[in-house]
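See structure below.
Residue numbers (my numbering): 8 to 229.
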């Protein structure tokens, strides 16, 4: 998979994204009752890293129906294995990442997108999380690392609940977070982990949840 195909921005792909957004808008507004706050906090363009909690596949659709700038979502490589999915996801600007190892190709693509004033979307918990599992899923620090490397603000987004047919879901966009790094090594692993947890705490606070981890990094969840 060549890098030139990773986040295409040609006219055909812009049209494809407009159609996809319109379809998503109809679907989401028809079957779910959404409310939004903090839309004034969303920048018109990047660089920025959108960080959200993950309740399911409809998170992305709902976010795109509410805001104008396009988000390049970082997604697990497994989603790109089927040819049709790969074509669609790449046209939508998705960035595949191998979660099992350091993915330098994905890292370069993320940095390139940010340096080209794009917004990159990340779910630091790495998977969809049921409400009862929230305290047991430790966020990864990749978004923090890229924010530091590219001097990009983090845009926290909280999603109140999983999408249930006809159910209410509130999505809150917080004020951008500009990380202030202490003196020393800004890429210290422990520091990055602490910052990742702090950002997720702010994400969940947007929808009224007091985020407290019940496990530490490396511990098996209960």
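The beta carbon of each residue, even a glycine, is placed where N, CA and C say it ideally should be.
Compute the Euclidean distance between the alpha carbons of residue i and residue j, then round it to the nearest angstrom.
i           : j           : result
residue 215 : residue 168 : 11 Å
residue 218 : residue 212 : 7 Å
residue 51  : residue 37  : 27 Å
residue 199 : residue 60  : 18 Å
residue 62  : residue 82  : 14 Å
residue 153 : residue 173 : 37 Å
residue 115 : residue 121 : 10 Å
residue 45  : residue 177 : 11 Å
residue 25  : residue 129 : 21 Å
residue 70  : residue 165 : 10 Å
residue 47  : residue 127 : 18 Å
residue 195 : residue 186 : 14 Å
residue 191 : residue 23  : 45 Å
residue 135 : residue 88  : 19 Å
residue 123 : residue 74  : 19 Å
residue 85  : residue 113 : 14 Å
residue 118 : residue 104 : 13 Å
residue 175 : residue 209 : 21 Å
For my contact list, residue i and residue j are in at a C-beta cut-off of 8 Å; report their separation, rounded to the angstrom.
i           : j           : result
residue 131 : residue 146 : 4 Å
residue 49  : residue 76  : 7 Å
residue 31  : residue 68  : 4 Å
residue 287 : residue 170 : This structure leaves residue 287 out entirely; the chain is present only between 8 and 229.
residue 99  : residue 27  : 6 Å
residue 155 : residue 207 : Going by Cβ atoms, the distance from residue 155 to residue 207 rounds to 17 Å, so no, they are not a contact pair.
residue 159 : residue 53  : 7 Å
Quick check on residue i: buried or exposed, where buried means 16 or more other Cβ atoms within 10 Å of its Cβ?
i           : result
residue 107 : exposed
residue 221 : exposed
residue 9   : Here residue 9 scores only 43 on pLDDT, less than 50, and its place in the model should not be relied on; the value that follows carries that caveat. Residue 9 comes out exposed.
residue 90  : exposed
residue 42  : exposed
residue 138 : exposed
residue 64  : exposed
residue 150 : buried
residue 182 : exposed
residue 197 : exposed
residue 162 : buried
residue 57  : buried
residue 179 : buried
residue 109 : exposed
residue 21  : exposed
residue 66  : buried
Let me check one thing: in DSSP terms, what residues is residue i bridge-paired to?
i           : result
residue 166 : 178
residue 212 : None; residue 212 has no bridge partner.
residue 40  : 175
residue 55  : 126
residue 161 : 56, 184
Confirm the yes/no value for this check: CB of residue i, any heavy atom of the ligand FAD, distance under 7 Å.
i          : result
residue 61 : Within the structure as shown, the ligand FAD is missing, as the structure has no ligands at all.
Problem - Complete beta strand (DSSP E) runs within the segment 75 to 143 (minimum length 3 residues, chain order) - result: 78 to 83, 102 to 104, 126 to 129
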